[in-house]
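Q: Per the working numbering, the sequence shown runs over residues 937 to 1300.
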Amino acid sequence: MTTPVTEPAAAAPATPSSPIPASPRRAAHPAATHPRVAHPTAAVPRAPGLHAAHPRAARLRATRLRTPRPRTAPGAVLAVVAMSCVGSQVAVSAWLTDAPLFTSQALRYVIASALVLVVVRVAGLRVPRPRGAEWAWLAGVALSGLVLFNVGVVRGVAHAEPAVVGVAVAAVPVVLALAGPLAARRRPAGLVVAGAVLVTLGAVLVQGGGRTDAAGIGWALLVLACECGFTLLAVPVLARLGALGVSVHAIWMAAAGLGVLGLVTEGPGAILTLGPGELLAIGYIAVVVTVIGFLSWYTAVGRLGAGRAGLFTGVVPLVATAGGVLLGGPPPGPVVWAGVAVVVAGVVVGLRPRPGSAAAPSDT
937 MTTPVTEPAA AAPATPSSPI PASPRRAAHP AATHPRVAHP TAAVPRAPGL
987 HAAHPRAARL RATRLRTPRP RTAPGAVLAV VAMSCVGSQV AVSAWLTDAP
1037 LFTSQALRYV IASALVLVVV RVAGLRVPRP RGAEWAWLAG VALSGLVLFN
1087 VGVVRGVAHA EPAVVGVAVA AVPVVLALAG PLAARRRPAG LVVAGAVLVT
1137 LGAVLVQGGG RTDAAGIGWA LLVLACECGF TLLAVPVLAR LGALGVSVHA
1187 IWMAAAGLGV LGLVTEGPGA ILTLGPGELL AIGYIAVVVT VIGFLSWYTA
1237 VGRLGAGRAG LFTGVVPLVA TAGGVLLGGP PPGPVVWAGV AVVVAGVVVG
1287 LRPRPGSAAA PSDT
């Protein structure tokens, strides 16, 4: 008698309540079984001559992700624009030699504050509100770069020829090239320092020398410190507040401080002594030098870093010299042209990326 053969029962179809178990090989990679998580090695592209899962290929991929793209060109253009605006102030300031100092400067920043707020409102932008220690950094920017700087320039030329003050400002690139990285606890870049020295030498050739006394040297050193503070004190707050935030808050702080100084030292009626030419000059400085110049400069510092952006302060004497020629002054001599060439060479050297780096990193 034969025993009947029983057919095996058909496998039940897989349902959401009874999922098909993963194979042992897939179970070794939990990420591979998750419907929204890719396999760990699936996103790593193959490097030439290397398998995708090779450790060196993964390191190359990670390095490419971490390396920032160069932003030198936009930052350099903005730095040139900013320093060209500052250089044009030299010729325009000749209309303000007899104007009340603090009152005219306070009016300049009041106009600039109003203009920036209008731009912010029309463009629908938002100005970040400072918090904590950021108020102190911004107050330092306003006090050094906007208040004391202008006082130092005006008082300095009373004791020294303008070229002396100009040479002090020409030393800014060297200070920024050294102080910027050191403040960030990094070693200064050799190319940036070399370029800064060249820019300073070229600016000295353009400005020339000048007679001075002990007080003039003191005012010139104050101008140098304030010009450096205008950049270095803004670096800690640029990342969060941005160029717009730093400019807006520094401008209204300077307007308030200079307004108080003007009322105390020059009286409330000083503003009525300003003539049409002086008001026109103040308006130009407020719009071009303050609004356009500040926004361009702080954006450039954010892109290039303080040290590399500082190279472009050498543009100031070049623009000032060109402005003098346009206003009827004598054409530059051979020494000035040599200074221009040295400034350009310094900028080119300082902006070169570090050897072996894919991008020129910020130095601050």
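A virtual CB, placed ideally from N, CA and C, is assigned to each residue, including glycine. None of the values given here were measured: they were computed from a predicted structure.
Using a threshold of 8 Å, state whether the C-beta atoms of Trp1188 and Ser1080 are closer than that.
A: Within the sequence shown, numbered from 1, the residue matching residue 1188 stands at position 252. Within the sequence shown, numbered from 1, the residue matching residue 1080 stands at position 144. Taking 8 Å as the Cβ cut-off, Trp1188 and Ser1080 do not qualify as a contacting pair.
Q: Around the Cβ of Arg962, are there at least 16 other Cβ atoms within 10 angstroms (buried) or fewer (exposed)?
A: In the sequence shown, the residue the question calls residue 962 occupies position 26. Note that Arg962 has pLDDT 47, beneath the 50 cutoff, so the model's placement of it is unreliable and no number is given.
Q: From this set, Leu1082, Val1054, Trp1155 and Val1058, which residue's C-alpha is nearest Gly1195's C-alpha?
A: Along the sequence shown, one-based indexing puts residue 1195 at 259. Nearest option by C-alpha distance: Leu1082.
Q: Report buried or exposed for Ala1175, applying the criterion of at least 16 other Cβ atoms within 10 angstroms of its Cβ.
A: Start at 1 with the first residue of the sequence shown, and residue 1175 comes out as number 239. Flag for Ala1175 reads exposed.
Q: On a CA-only basis, which of Ala1069, Leu1032 and Phe1038 is nearest Gly1193? Give me that one, please.
A: Translated into positions along the sequence shown, residue 1193 becomes position 257. Minimum Cα distance to Gly1193 is reached at Phe1038.
Q: Taking only runs of the alpha helix (DSSP H) that begin and end inside the stretch 1051-1128, which ones reach a length of at least 4 residues, in chain order?
A: 1070-1077, 1085-1092, 1098-1106 and 1108-1119, all fully within the stretch 1051-1128.
Q: What would DSSP say about Thr1148, mapped onto helix, strand or coil?
A: Position 212 of the sequence shown holds residue 1148. Thr1148: strand per DSSP, three-state reduction.
Q: How do the stretch 1063-1082 and the stretch 1242-1261 stand: do at least 3 beta-carbon pairs fall below 8 Å, yes or no?
A: Verdict: no, contact absent.
Q: In angstroms, rounded to a whole number, what distance separates the CA positions of Leu1074 and His1185?
A: Within the sequence shown, numbered from 1, the residue matching residue 1074 stands at position 138. Within the sequence shown, numbered from 1, the residue matching residue 1185 stands at position 249. Approximately 7 Å, taken between the alpha carbons.
Q: Check each candidate in Asn1086, Leu1158, Ala1125 and Ala1156 and name the one with the smallest Cα separation from Tyr1045.
A: In the sequence shown, counting from the first residue as 1, residue 1045 sits at position 109. Nearest of Asn1086, Leu1158, Ala1125 and Ala1156 to Tyr1045, Cα basis: Asn1086.
Q: Is Glu1214 helix, strand or coil by DSSP?
A: Position 278 of the sequence shown, counted from the first residue, corresponds to residue 1214. In the structure shown, Glu1214 sits in a helix (DSSP, three-state: H, G or I).
Q: Just checking, does the stretch 1136-1143 make contact with the stretch 1022-1029 on the three C-beta pairs under 8 Å criterion?
A: No, because fewer than three Cβ pairs between the stretch 1136-1143 and the stretch 1022-1029 fall closer than 8 Å, the two stretches do not touch.
Q: Please state the DSSP three-state secondary structure of Arg1288.
A: As a working note, residue 1288 is residue 352 in the sequence shown. DSSP places Arg1288 in coil when its eight states are reduced to three.
Q: With a threshold of 8 Å on Cβ separation, who are the neighbours of Leu1014 within its own chain once the five nearest residues in sequence on each side are excluded?
A: The sequence position of residue 1014 within the sequence shown is 78, counting from 1. Around Leu1014: Ser1232, Trp1233, Thr1235, Ala1236 and Arg1239.
Q: Between Ala1035, Gly1068 and Val1077, which lies nearest to Ala911 when the distance is taken from Cα to Cα?
A: The structure shown does not extend to residue 911, since the chain is modelled only from 937 to 1300, so the question has no answer here.
Q: Would you tell me roughly how many angstroms separate the C-alpha atoms of Gly1154 and Ala1094, rounded to the nearest one?
A: Locating residue 1154 in the sequence shown gives position 218, where the first residue counts as 1. Locating residue 1094 in the sequence shown gives position 158, where the first residue counts as 1. Answer to the nearest angstrom: the Cα atoms are 12 Å apart.
Q: Quick check on Gly1269: buried or exposed, where buried means 16 or more other Cβ atoms within 10 Å of its Cβ?
A: Sequence index remark: in the sequence shown, residue 1269 carries index 333 (1-based). Gly1269 is exposed by the Cβ-count criterion.
Q: Could you say which of Gln1041, Pro1117, Leu1254 and Val1108 lies nearest to Leu1084 if we only look at CA atoms?
A: In the sequence shown, residue 1084 corresponds to position 148, counting from 1. For Leu1084, the nearest C-alpha among the options comes from Gln1041.
Q: Going by Cα to Cα distance, which pick from Val1017, Ala1012 and Gln1025 is closest to Thr1328?
A: Limits of the chain in this structure are 937 at one end and 1300 at the other, which puts residue 1328 out of reach.
Q: May I have the straight-line CA-CA distance separating Leu1254 from Val1017, to the nearest angstrom?
A: Within the sequence shown, the letter at position 318 stands for residue 1254. Within the sequence shown, the letter at position 81 stands for residue 1017. Whole-angstrom Cα-Cα distance: 13 Å.
Q: At least one CB of chain D closer than 8 Å to the CB of Thr1209: is that the case?
A: No chain D appears in this structure, which consists of one protein chain only.
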